[in-house]
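> Please read through the structure below; I'll follow up with questions.
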Amino acid sequence: MLHPDVVADLLKKALKGGADFGEIYVERSKRRRMTVRFGRLDEAISGLDYGAGLRLFFGTEVVYAYTNQLTREGLQEALETLLRAKGALGQVDERGAGGLDFRKASPKGLHTPRVPYGEKDKRFRLERLLEAEAGARIAPEIQQVETSLQEWEQEVLIANTEGTWAEERRVRTRLLVLAVAQEGTEVQTGYAAPGKSVGLELFDLYPPQEVGAKAARQALTNLRAKPAPAGTMPVVVGNAFGGVIFHEALGHLLETTSVAKKASVLADRLGEVVASPVVTYVDDGTLPHAWGSTEVDDEGRPTERTVLIEKGVLKSYMVDRLGHLLTGYPLTGSGRRQDYTLAPTSRMRNTFIAPGDKEVEELIASVEFGLYAKDLGGGQVKPGSGEYNFAVQEGYIIRHGRLEEPVRGAMLVGKGPDTIKKVAAVAKDWENAPGMCGSLSGMVPVEVGQPHVLVSEIVVGGRA
Amino acid sequence: MTLEEAKRYLLRRAKELGLEAEVLFQEERELSLRARQGTLEEIKEARQGGIGLRVQVQRRLGYAYTEELSPEALEWALSEARDNALLAGKEGLIPPGQALGSHDLIGEGLSAPLEAKKQSALELERALWEDSRTRSVLMGGYMEKEVRLALASTLGTEGAFRTGLAGMGGSLVMADGPSLKQGWDFRLAKEFHALDPSRTALEIREKTARLLNAKPLPTGRYRAYLEPKAMAGLLLVLSRSLSAKSALEGKSRLLNRLGERIASEWVTLVDDPTLEKGLVSRPFDAEGTPARRTAVVEKGVFKTFLHNSETAKALGQENTGHAFRTYRGVMDVAPTNLYLEPVGNLRLEKGVRITEFMGLHAGANPVSLDFSLQALGLWVEEGEVRYAVENFAVAGNLLELLKAIEAVGDELDWEVMGSAFGSPMVAVAELSFAGA
Chain A
1 MLHPDVVADL
11 LKKALKGGAD
21 FGEIYVERSK
31 RRRMTVRFGR
41 LDEAISGLDY
51 GAGLRLFFGT
61 EVVYAYTNQL
71 TREGLQEALE
81 TLLRAKGALG
91 QVDERGAGGL
101 DFRKASPKGL
111 HTPRVPYGEK
121 DKRFRLERLL
131 EAEAGARIAP
141 EIQQVETSLQ
151 EWEQEVLIAN
161 TEGTWAEERR
171 VRTRLLVLAV
181 AQEGTEVQTG
191 YAAPGKSVGL
201 ELFDLYPPQE
211 VGAKAARQAL
221 TNLRAKPAPA
231 GTMPVVVGNA
241 FGGVIFHEAL
251 GHLLETTSVA
261 KKASVLADRL
271 GEVVASPVVT
281 YVDDGTLPHA
291 WGSTEVDDEG
301 RPTERTVLIE
311 KGVLKSYMVD
321 RLGHLLTGYP
331 LTGSGRRQDY
341 TLAPTSRMRN
351 TFIAPGDKEV
361 EELIASVEFG
371 LYAKDLGGGQ
381 VKPGSGEYNF
391 AVQEGYIIRH
401 GRLEEPVRGA
411 MLVGKGPDTI
421 KKVAAVAKDW
431 ENAPGMCGSL
441 SGMVPVEVGQ
451 PHVLVSEIVV
461 GGRA
Chain W
465 MTLEEAKRYL
475 LRRAKELGLE
485 AEVLFQEERE
495 LSLRARQGTL
505 EEIKEARQGG
515 IGLRVQVQRR
525 LGYAYTEELS
535 PEALEWALSE
545 ARDNALLAGK
555 EGLIPPGQAL
565 GSHDLIGEGL
575 SAPLEAKKQS
585 ALELERALWE
595 DSRTRSVLMG
605 GYMEKEVRLA
615 LASTLGTEGA
625 FRTGLAGMGG
635 SLVMADGPSL
645 KQGWDFRLAK
655 EFHALDPSRT
665 ALEIREKTAR
675 LLNAKPLPTG
685 RYRAYLEPKA
695 MAGLLLVLSR
705 SLSAKSALEG
715 KSRLLNRLGE
725 RIASEWVTLV
735 DDPTLEKGLV
745 SRPFDAEGTP
755 ARRTAVVEKG
765 VFKTFLHNSE
775 TAKALGQENT
785 GHAFRTYRGV
795 MDVAPTNLYL
805 EPVGNLRLEK
815 GVRITEFMGL
825 HAGANPVSLD
835 FSLQALGLWV
845 EEGEVRYAVE
855 NFAVAGNLLE
865 LLKAIEAVGD
875 ELDWEVMGSA
885 FGSPMVAVAE
895 LSFAGA
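Quick mapping for you: the protein sequence lines, in order, are chains A and W. So the first sequence is residues 1 to 464, counted in the numbering used here. So the second sequence is residues 465 to 900, counted in the numbering used here.
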C-alpha cells in the first residue's frame, strides 16, 4: 500500500526526532452492509476506509497521529505534528542516520476465504437474506424480522523501526438476524449472528434459513417466559456465547492494558491459583477462520495460542508492546485496534474455557434450584474491582435437576475473580461464538467460548 | 483531491449519470492528552475526513462512502451507491434543498495554547492522587474534537457548520481496607476555559470514595432516586423508541400511542438542537432541515416521535428535523440535546440513591424497554446518605418507570453518548432490586 522507501524515510525521521521506536499502520478497508426488512432490501451501504496511524515511543510515553492523507507529504506532516506536540521537532538524534531494512513476512493464507467477494453478485446476497427472513417466520407472533449481512475486507500494512514489515488481507463475513415477537402489548426479541473469517461460504456453514429460525425461536421463548427470579443461586451457563461471562469477568482483567497499571485485581498474580482447578482458559489468535483470528496482530507480530490459566493457575497475561515495556512480560501477539484512528492495546482474540470431562446433563442434574443461562447478551466489567454484569438472552429455571419454564430479564452480577473460583464443573461441549469487544482501542472482532459450565452461585438480578 | 473538490466531482458526475445525489462531508480534528504518574503517557493529534454519498435512482436510495479521495475511489463509491439503490425494495427520495448558510458554533472555544492543555491534563492526574485512599490512577486527561460538516445536493442543498467540544476527565481505583472501587467521570464544555482540572478531580474522588465500604443490599422493592447520569443512561435507551425510524421498523412500543399518557405528569421531555450552550447543538440536520425545539413528551403525554423527512412522510406527521447520519452510515434518526425538564419537587427521604447503571448496552432492551441492570448506589434514610450498597441489580420496564416518577429535581446535568442526554435527579416510587 505504501512504498518501502516512503515508510523508511518516515520512520528514520521519527528516530531523528528522538523516538525510541516508530510504527506505521496503514489500512484500506472495504465495508459493505445490506439490511432486509419487510421482505425487501431496506438499506445498503458500501464504504472505503483509508488511513494511516503513526505511533512513536519516547521511553514508555506514546504519541499517536492518524491521517487520511497517505501521500509522502501528508504522512510527513502528521509526523511533524507529533514531534511538535512532543516538543521534539528539529532535534537530530544519530539513530535516524543509518539505513532501515525491512524483513518482509509473507502471509500464509491461514484464513483466506474459499468463496471470495467477487464470485457472487449483490442479488445473490439479497436472496440469502430473504431466506433468513423466511426462516424466521415460524409463527404469527413473529411481527418483525431484520436480517443483515456485513462484509469486511481489510488490508493492513504494519512496519516499524525494528524492521518489521507485515501485510495481511483480512476478510470477515457475518449474518445477523433480529426477530421481534409480539402478543398483545408484550414485545420480546431473539437474536442470532454467526460470523467467521471467511467469504460467502458463511452461508454454507450457517444456512440462512436455520439462522433465522434460531432467532425466531428465541424471541418466542422469551414471549412465553416469566420474569426471572431474583437472588443468589447456582447457574449453569450455556456453551458458545455463554463464554462472554468469562470474557468480561476474567479476560479483561488479564490484558496488560489494566495489568500494567495495577488496575486489575489479577495484576502480579502469575503462578498463583486464581481460578477453580477445573478451569483452563485460553486465548488463541490462530484458530483457522475464527472471527477473532489474524495471522499478525496490529503491531505486526505473529499471533499465537496463549494459555492464560491452566487448571486454575495463572500462566500468562495478554501482552502488547507497551504492556511489554511496562511489565517485562513476553509479547503474546495481542496488540489490536479497531482501525487506524486508534493506537493498539492488549486485547483478546478468541478466548475460551477448554473442555472438561462432564456431560451437560450431569451439570443440570446436580442443581436443586437455579438458573440455566442458555444464551447471553453482552456485558461489562470494571477491571479495577472486577465487578461485572451481563444479560441473559435466553434462560430457564432448573428445579430438582430438571429444566423447567423459560424466564426472561435475568442479569448476572458479581465479581469476576470470585465467580471463576466458583466454577464447580465444566462439560465437554466446547463451542465458540463471535462478538464485538469494545475497549480502549475501540471495537474489535473476538470469539468467546466455553463448554457448558456450572457456577455454584451468582447473584441473579430479576424481579424481586 | 480535497473534500471540497471531491464534493464538486461527485455532484458533477452524478448529474452526468442522471442521478440525484446528496453528499455529506466531515472533517475532524482530534487532540487527546493522557497523563499518568506525572507524565503524558499518550499524546494523540489527528485529522480525519471522509465523504458520504446518497444517490437516488428511479425513486430508490443507495449509500456509499469513502475516505480515499482519488477519482478511482470516488467512481467506486458512485457505482456502489448506484448498485445499492437499484437493489433497494423501498421508495425513497432525496428531499429538495435550500441554502443553509455557513455557521460557526465554537468560535475561539478551543484555541488555547497546547502547553496549557498539557498542563491541565497533568494537573487533573496529579489531583486525583490527593486522597490517601487513591490506590491507582488509570489516567487523567484532556481531549478536544473539532468538526466541520458540510452538506450539498443536486437538489439545491448547500450548507456547512463548524462545532466542537473540549473535555476533561479521569479514572482511578480507590481503596479502604479490602473495599475497592473504580470510578471515572468526564466533564465536557464548548470552551477549554470552562473546564477546571482540580474541581473535576475532586468530583471524581468524591464520587468514587462515597461508594467505598459498600454493604450488600437485601433483595426487595425500594423507592429509587436516580442521579442525573444514571437517568441519562435510561434516556439513551428510551431515545431509540422515540425514533420514528425504529417505530416504522417495528421496534418501538410507542407506535400508535400519540396523545396517550406514557409517563407521570412530572415528565416533560424535550429535544433542542438550538440550545445555546448545548453540547450537541447544530443549525440543521443531516438532510438540511433547519433545527428547532421539539417537545416529545409534555406533562406525561406523548406528543411526537423524532422524525426525518422519510419517516415523517411514512407516518403522516410533521418532520421534526432529526435526520442523523455520519459519512460512514445510512440515514437514521437521532436526538441532539434530549433532556428531562427540571421541576424542583424532589426531596430525599428513604430508598436507594442510584449513582450509576452499568452494562446499558446489554442489560436494557431498546425494543421491549425491559431492563435489568447492575447498579451502584447509596442507602438513604431520613433524607441522608447512610452507607454505600453494592452487588445488586435493578429490574423493570422503562415505560413503567416513567409512570412511577414521583418527583424531579431542579438541576440538569448532561452526559454525551453520541447525542447529549440531560436530566435532574429523579425519584421513582418503587423499583425491584435484586441483591443478597
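Virtual Cβ for every residue (Gly too), placed ideally from N, Cα, C. The structure displayed is predicted, hence computed values, not measured ones.
Just to make sure I have the definition right: I need the residues of chain A whose C-beta is within less than 8 angstroms of the C-beta of residue 836 of chain W. Which are they?
What residue 836 of chain W touches in chain A: 228, 391, 409, 410, 411, 461 and 462.
> Ignore the nearest five residues each way along the sequence and tell me which others in residue 840 of chain W's own chain have a CB closer than 6 angstroms to its CB.
If we look at residue 840 of chain W and ignore the five residues flanking it on each side, its Cβ neighbours are 675, 819 and 820.
> Roughly how many angstroms separate the alpha carbons of residue 2 of chain A and residue 87 of chain A, rounded to a whole number?
About 28 angstroms.
> Give the interface partners of residue 40 of chain A over in chain W, defined as CB-CB distance under 7 angstroms, in chain order.
What residue 40 of chain A touches in chain W: 553 and 554.
> Which partner residues does residue 625 of chain W have in the DSSP bridge list?
Its beta-bridge partners are W:567 and W:613.
> Between residue 397 of chain A and residue 364 of chain A, which are expected to be in contact by the criterion C-beta below 8 angstroms, what is the C-beta distance as a whole number of angstroms?
So it is not a contact: roughly 11 angstroms between Cβ atoms.
> How would you write the range of the beta strand (DSSP E) that residue 852 of chain W sits in, first residue to last?
Element bounds for residue 852 of chain W: 848-861.
> Which residue spans inside the stretch 495-533 of chain W form an unbroken alpha helix (DSSP H) run of at least 4?
Fully enclosed alpha helix (DSSP H) runs of 4 or longer: not present.
> How would you list, in chain order, the residues of chain A whose beta-carbon sits under 7 angstroms from the beta-carbon of residue 547 of chain W?
Correct list: 122.
> Would you identify the three-state DSSP class for residue 194 of chain A, choosing helix, strand or coil?
It is coil, neither helix nor strand.
> Taking only three categories from DSSP, how would you classify residue 607 of chain W?
DSSP places residue 607 of chain W in strand when its eight states are reduced to three.
> Based on the DSSP output, what are the partners of residue 638 of chain W in its beta bridges?
In DSSP, residue 638 of chain W forms a bridge with W:598 and W:645.
> Can you tell me the Cβ-Cβ gap for residue 654 of chain W and residue 629 of chain W, rounded? I've got them flagged as a contact below 8 angstroms.
Going by Cβ atoms, the distance from residue 654 of chain W to residue 629 of chain W rounds to 7 angstroms, so yes, they are a contact pair.
> Can the beta-carbon of residue 15 of chain A be found closer than 8 angstroms to that of residue 161 of chain A?
Cβ atoms of residue 15 of chain A and residue 161 of chain A: closer than 8 angstroms.
> Name, please, each residue of chain W whose Cβ falls closer than 8 angstroms to the Cβ of residue 65 of chain A.
Within 8 angstroms Cβ-Cβ: 508, 509 and 510.
> Which word fits residue 116 of chain A, buried or exposed, when buried means at least 16 other C-beta atoms lie within 10 angstroms of its C-beta?
Under this definition residue 116 of chain A is an exposed residue.
> Please give me, in chain order, every unbroken run of the beta strand (DSSP E) with length at least 3 that falls completely inside the stretch 40-77 of chain A.
Counting whole runs of 3 or more residues, the stretch 40-77 of chain A contains the beta strand (DSSP E) stretches 40-58 and 61-67.
> Excluding the 5 residues flanking residue 459 of chain A on each side, which residues of the same chain have their C-beta closer than 8 angstroms to its C-beta?
231, 232, 412, 413 and 414.
> Which ranges would you report for the beta strand (DSSP E) in the stretch 230-291 of chain A if only whole runs of at least 3 residues count?
If we require 3 residues or more, the beta strand (DSSP E) runs fully inside the stretch 230-291 of chain A come out as 231-237 and 281-284.
> Using Cβ-Cβ distances below 7 angstroms, what residues of the stretch 518-535 of chain W are close to chain A?
Cβ contacts with chain A come from 526, 527, 528, 529, 530, 531 and 532.
> Opposite residue 399 of chain A in the DSSP bridges: which residues?
Paired residues: A:369 and A:402.
> With a threshold of 8 angstroms between beta-carbons, can residue 715 of chain W be considered close to chain A, or not?
So, interface residue.
> In this structure, what does DSSP give as the bridge partners for residue 686 of chain W?
Paired residue(s): W:895.
> Would you tell me roughly how many angstroms separate the C-alpha atoms of residue 730 of chain W and residue 807 of chain W, rounded to the nearest one?
So the alpha carbons of these two residues sit roughly 7 angstroms apart.
> If we ignore side chains and look at the alpha-carbon of each, how far apart do residue 636 of chain W and residue 584 of chain W end up?
Looking at the two C-alpha atoms, the distance is approximately 17 angstroms.
> Can you have a look at residue 693 of chain W and say buried or exposed, based on whether 16 or more other CB atoms are within 10 angstroms of its CB?
With 16 or more Cβ atoms within 10 Å of its Cβ, residue 693 of chain W is classed as buried.
> Please tell me whether residue 320 of chain A has its Cβ less than 8 angstroms away from any Cβ of chain W.
Closer than 8 angstroms: no.
> Could you tell me whether any Cβ in chain W is nearer than 8 angstroms to the Cβ of residue 37 of chain A?
With 8 angstroms as the cut-off, residue 37 of chain A counts as an interface residue toward chain W.
> Under 8 angstroms by Cβ, that's how I've got residue 54 of chain A and residue 19 of chain A pegged, so tell me the actual separation to the nearest angstrom.
About 10 angstroms; that fails the 8 angstroms criterion.
> CA-CA distance, residue 468 of chain A and residue 426 of chain A?
It is not possible to answer for residue 468 of chain A, since the shown part of chain A is limited to 1 through 464.
> Thinking C-beta only, is residue 301 of chain A closer than 8 angstroms to residue 333 of chain A?
Yes, these two residues count as a Cβ contact at 8 angstroms.
> What number of angstroms, rounded off, separates the C-alpha of residue 605 of chain W from the C-alpha of residue 494 of chain W?
The alpha-carbon atoms of residue 605 of chain W and residue 494 of chain W are separated by roughly 13 angstroms.
> Determine, using beta carbons only, whether residue 479 of chain W comes closer than 8 angstroms to chain A.
No, residue 479 of chain W does not count as interfacial toward chain A.
> Out of A:246, A:374, A:203 and A:151, which has the shortest C-alpha to C-alpha gap to residue 388 of chain A?
Out of A:246, A:374, A:203 and A:151, A:246 has the C-alpha closest to the C-alpha of residue 388 of chain A.
> What distance in whole Å lies between the Cβ atoms of residue 25 of chain A and residue 158 of chain A, which are believed to be in contact at a cut-off of 8 angstroms?
Sure, about 5 angstroms apart at Cβ, within 8 angstroms.
> What does the Cβ neighbour count give for residue 522 of chain W, buried or exposed, with the cut at 16 atoms within 10 Å?
Exposed, since its Cβ has fewer than 16 Cβ neighbours within 10 Å.
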